[in-house]
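Participant:
Numbering (this note's numbering), first residue to last: 18 to 533.
Here's what the structure looks like:
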C-alpha cells in the first residue's frame, strides 16, 4: 500500500488524498499506513495542499491531546512550505489547539507571524512551567506594529506585573508606531501595573505624549497627587494649553507648591495656569512679584477682572510692597470698582500706612451710597488727617463706627474724638478721654445731657481734684446751658446720691436764682 500510495501521489495527488483517507479509515480499526508517514509522502512530493487536506480530514472531530503530533505537523509543513497566510488561517480557525509550541514558535517567527510565535511561546511555557520564554516573547514584540491591538491587550492580561513592564518597555523602543497600543495597555492595566511605575517608565524616556494620553484617561478616577501633577506636567510639555489651564483651575489634588515652582521654571507664554495655582492656593504676593518681574503687569488687571476680584486687597498689598507706581494701582482699583471687598482693602492699605492711596476709590464708593462701616471709617480717617471738615463728617455721617474713629482721633485731636464718642454714647471711653485731656466742660455737658444716674455715680464716687473741676464745670457751664428740666433734676439727684451736700446747696441756690 505504501508503494501504491506513493505512485498515486506522483500521478494524481488529488486521488491520492482519497486513497490515503481510505487506508486510514476504511480498512479496519488500525490505519494501514501511519498518518505521519502519509504526510511525509505528500511533503516529499511537494504536494503541501494535499497533505493539508489529508490532515484536516483526519483531525475532523479529533481536536484533542491524542492528535497533538499531527496538529503540530499540519502547522509545521505550512509554515515551512506554504504562504504564511495559510498557517495564519489555520491558527485563526482554531483547527489546532494542541501542538508543540517550542517547535512551531521559531517557524512562526521566520514566516513573519510574530503574533502567532508569541502564542506558541506562551503555550509552550504553560505546558512546561520550567521554561522561560520571556526573552523570545520580547523579541517578537518588536514587530507589534503589525499586531491586532485587541490581541495585544488580551496578551498583556496574561503576564505577570514584572513581565508586563518589561514587554511594555520593549514596545516603547518603537513608541511612535506603537503609540496607541501602549496607551491602551497602560490605561487598561494601570491598577495592576501601578500608575507610579508606569509614570516612571514613560518619564525615563521623556515620552510626554504617551504620558499625557495615559494620565488623561485615568486622572478623572484618582485623587493621587502624583498623577494629577504629572498630568499637568505632561500637558505643559506637549503644549496642551487649554487642558493645562483647566486642570490647574479645577483639580483639587495636585501639590500646589510643586506645581507652582514647575510652572514658574517652565516659563510658559500662557501664564494663566500659574495664575490659577497661585489664585487657588494663596500665593498672591508671589504671583504679583513674578508678573512684575517678567513684565506681565497687564495680566494683574485681567486676573482681577476675569477671575478673582475678591483678591484685589491682597494684590494691592503686594503691589505696595513691590513699590509699584501709584497710578498703576489706582487704575487697577478703578477697573475692579465695586467688585473689590471694601473692608479687606482698607485693612491692607492701612497696615502699610497708605490709606490716602485709595481715597479716590473710597469717595467713588461713597458717591454710590455704599453704607459699609469700613468705607466710612476710612473716609473719616482721611478727612481727619487732611483736615477736610472732619467735625462736620463726624457729626453728620451715620455709618462710621464711633469707637473706631474715636480711638483714631484721640492722639490727633481729642475734640474730634469727643464728637465720635458722644455720637456713639460711648460713656466709658468719653469719660476717660475728657478726664485725661482736662476737657471738663465737655464732660459736664455730656453727663448732664445723658441723664444717667449710674454714669453720674461712677464719675462722682472719688473725692479728687478732678471731681472738683468737673463739679465746677457742671455749675458754671453745663447747668446754665441746659434748658431741659429733666437734665437739671437728674443732676440734683446725682449729687444727692453722692452725698455732696455743699455742692448740692450751691446748685440749688443757682437754680433758685435762675428761677428753675
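For each residue, glycine too, the CB sits at the ideal point set by N, CA and C.
Bear in mind the structure is a predicted one, so any value in this text is a computation, not a measurement.
1) Expressed to the nearest angstrom, what Euclidean distance is found between the alpha-carbon atoms of residue 160 and residue 102?
2) Report the option in 211, 164, 139 and 144 whose CA atom is closest to the CA atom of residue 131.
3) Between which two residues does the alpha helix (DSSP H) containing residue 376 stretch?
4) Alpha carbon to alpha carbon, what distance is there between residue 356 and residue 416?
5) Got a sec? Which residues, its chain only, sit under 8 Å from residue 344 by beta carbon, not counting five neighbours each side?
6) Suppose contacts are defined by Cβ-Cβ distances below 7 Å. Is residue 458 in contact with residue 494 by that definition?
7) Would you mind sorting residue 348 into buried or exposed? The rule is 16 or more other CB atoms within 10 Å of its CB.
8) Alpha carbon to alpha carbon, how far is residue 358 from residue 576? Give it in angstroms, no decimals.
9) The alpha helix (DSSP H) that contains residue 233, what's its start and end?
10) Measuring only the C-alpha atoms, how far is residue 118 from residue 234?
11) Given that a residue counts as buried once 16 or more other Cβ atoms are within 10 Å of its Cβ, and exposed if not, what is residue 406?
12) With residue 31 as the anchor, note down where its alpha helix (DSSP H) starts and where it stops.
13) In whole angstroms, give me the CA-to-CA distance for residue 523 and residue 443.
14) For a test of the three-state rule: what should DSSP assign to residue 196, helix, strand or coil?
15) Indicate, with yes or no, if the ligand NAP has a heavy atom lying under 6 Å from the CB of residue 502.
16) Just the C-alpha distance for residue 483 and residue 393, rounded to the nearest angstrom, thanks.
17) Is it buried or exposed for residue 228, if we count other Cβ within 10 angstroms and need 16 for buried?
18) Here's the rule I'm using: 16 or more other beta-carbon atoms within 10 Å means buried, otherwise exposed. How should residue 296 be labelled?
19) Just to check my reading of the structure: residue 346 and residue 374 have Cβ atoms closer than 8 Å, yes? What is that Cβ distance to the nearest angstrom?
20) Below 8 Å CB to CB, which residues in the same chain sit around residue 380 once its five sequence neighbours on both sides are set aside?
21) Using only CA atoms, which one of 331, 499, 521 and 434 lies nearest to residue 477?
22) If we require 4 or more residues per run, which alpha helix (DSSP H) segments fall completely within the region 269-333?
23) Starting from residue 83, follow the alpha helix (DSSP H) in both directions and report where the run begins and ends.
24) Within the continuous alpha helix (DSSP H) that includes residue 15, where are the two ends?
25) Determine the direct distance from the alpha carbon of residue 490 to that of residue 14, and round the result to whole angstroms.
26) Taking the Cβ atom as the reference point for each residue, do residue 94 and residue 135 lie within a distance shorter than 7 Å?
27) DSSP state of residue 418, grouped into three classes?
28) My understanding is that residue 178 touches residue 209, with C-beta atoms under 8 Å, so please give their C-beta distance in whole angstroms.
29) Pick from 252, 258 and 211: whose alpha carbon is nearest that of residue 239?
30) Under three-state DSSP, which class holds residue 506?
31) For residue 390, which residues in the same chain have their Cβ closer than 7 Å to its Cβ, ignoring the five residues on either side in sequence?
32) Do you know whose CA, among 338, 88 and 216, lies nearest residue 10's CA?
33) Going by beta carbon distance, what residues of the same chain come within less than 6 Å of residue 529, once the five residues before and after it are set aside?
34) Assuming residue 115 contacts residue 88 under a Cβ cut-off of 8 Å, what Cβ separation, rounded to an integer in Å, is found between them?
35) Measure the C-alpha to C-alpha separation of residue 527 and residue 505 and round it to an integer number of angstroms.
36) Just mark residue 245 as buried or exposed, buried being the case when its beta carbon has 16 or more other beta carbons within 10 Å.
Facilitator: A quick look at the data gives this:
1) The count along the chain shown starts at 1 and reaches residue 160 at position 143. The count along the chain shown starts at 1 and reaches residue 102 at position 85. If I take the Cα positions, the gap works out to 17 Å.
2) For the purposes of this step, residue 131 is identified with residue 114 of the chain shown, where counting begins at 1. With distances taken between Cα atoms, residue 131 lies closest to 164.
3) By one-based count along the chain shown, residue 376 stands at place 359. Per DSSP, the unbroken alpha helix (DSSP H) holding residue 376 starts and ends at 376-384.
4) What you label residue 416 is simply residue 399 of the chain shown in a count that begins at 1. What you label residue 356 is simply residue 339 of the chain shown in a count that begins at 1. Roughly 20 Å separates the two Cα atoms.
5) The residue you call residue 344 lines up with position 327 of the chain shown. Excluding sequence positions up to five before and after residue 344, its CB lies less than 8 Å from no other CB in the same chain.
6) Position 441 of the chain shown, counted from the first residue, corresponds to residue 458. Position 477 of the chain shown, counted from the first residue, corresponds to residue 494. In this structure, residue 494 lies closer than 7 Å to residue 458 by Cβ.
7) Indexing the chain shown from 1 puts residue 348 at position 331. It counts as exposed.
8) In this structure the chain extends from 18 to 533, so residue 576 is not present and cannot be described.
9) For the purposes of this step, residue 233 is taken as the residue at position 216 of the chain shown. From DSSP, the alpha helix (DSSP H) with residue 233 extends over 225-235.
10) Counted from its first residue, the chain shown places residue 118 at position 101. Counted from its first residue, the chain shown places residue 234 at position 217. Computed Cα separation, rounded: 37 Å.
11) Taking the chain shown and counting its residues from 1, the one referred to as residue 406 is at position 389. By the 10 Å Cβ count, residue 406 comes out exposed.
12) As a first step, residue 31 must be located in the chain shown, where it is residue number 14. Element bounds for residue 31: 30-42.
13) Here residue 523 refers to the residue found at position 506 when the chain shown is read from its first residue. Here residue 443 refers to the residue found at position 426 when the chain shown is read from its first residue. Cα to Cα, the separation comes out at about 30 Å.
14) Locating residue 196 in the chain shown gives position 179, counting from the first residue. Of the three classes helix, strand and coil, the one that applies to residue 196 here is helix, per DSSP.
15) Ligands displayed in this structure: none; no statement on the ligand NAP is therefore possible.
16) For the purposes of this step, residue 483 is taken as residue 466 along the chain shown, with counting starting at 1. For the purposes of this step, residue 393 is taken as residue 376 along the chain shown, with counting starting at 1. Roughly 35 Å separates the two Cα atoms.
17) As a first step, residue 228 must be located in the chain shown, where it is residue number 211. Buried, because 16 or more other Cβ atoms sit within 10 Å of the Cβ of residue 228.
18) If you number the chain shown from 1, residue 296 lands on position 279. Result: buried.
19) If you number the chain shown from 1, residue 346 lands on position 329. If you number the chain shown from 1, residue 374 lands on position 357. With a Cβ gap of about 6 Å, residue 346 and residue 374 count as contacting.
20) Locating residue 380 in the chain shown gives position 363, counting from the first residue. So the list reads 396, once near-sequence residues are dropped.
21) Here residue 477 corresponds to residue number 460 of the chain shown, with the count starting at 1. Ranking 331, 499, 521 and 434 by Cα distance to residue 477 puts 521 first.
22) 273-283, 289-298, 301-310 and 315-323
23) In the chain shown, counting from the first residue as 1, residue 83 sits at position 66. Looking at the DSSP string, residue 83 is not in any alpha helix (DSSP H), and its letter there is neither H nor E.
24) Limits of the chain in this structure are 18 at one end and 533 at the other, which puts residue 15 out of reach.
25) Residue 14 cannot be examined here, being either before or after the span of the chain that is shown, 18 to 533.
26) Counted from its first residue, the chain shown places residue 94 at position 77. Counted from its first residue, the chain shown places residue 135 at position 118. Contact: no.
27) Here the question's residue 418 lines up with position 401 in the chain shown. The answer is coil: DSSP assigns residue 418 none of H, G, I, E or B.
28) If you number the chain shown from 1, residue 178 lands on position 161. If you number the chain shown from 1, residue 209 lands on position 192. Contact holds; Cβ gap of about 6 Å.
29) To locate residue 239, count along the chain shown from 1; it is residue 222. Of the candidates 252, 258 and 211, the one whose C-alpha sits nearest the C-alpha of residue 239 is 211.
30) Locating residue 506 in the chain shown gives position 489, counting from the first residue. Looking at residue 506 - three-state DSSP - the assignment turns out to be helix.
31) Residue numbering aside, residue 390 sits at position 373 when the chain shown is read from its first letter. Setting aside the 5 residues that flank it on each side, residue 390 is surrounded in the same chain by 416, 417 and 418, each with a C-beta closer than 7 Å to its C-beta; the list follows chain order.
32) Examination of residue 10 is not possible in this model, given that the chain is present from 18 through 533 alone.
33) The residue labelled residue 529 in the question sits at position 512 within the chain shown. Counting only Cβ-Cβ distances below 6 Å, and skipping sequence neighbours, we find nothing.
34) On the chain shown, position 98 is the one that residue 115 refers to. On the chain shown, position 71 is the one that residue 88 refers to. Rounded, the Cβ-Cβ distance is 5 Å, consistent with contact.
35) On the chain shown, residue 527 is found 510 positions in, with the first residue counted as 1. On the chain shown, residue 505 is found 488 positions in, with the first residue counted as 1. Whole-angstrom Cα-Cα distance: 11 Å.
36) Taking the chain shown and counting its residues from 1, one reaches residue 245 at position 228. So residue 245 counts as buried.
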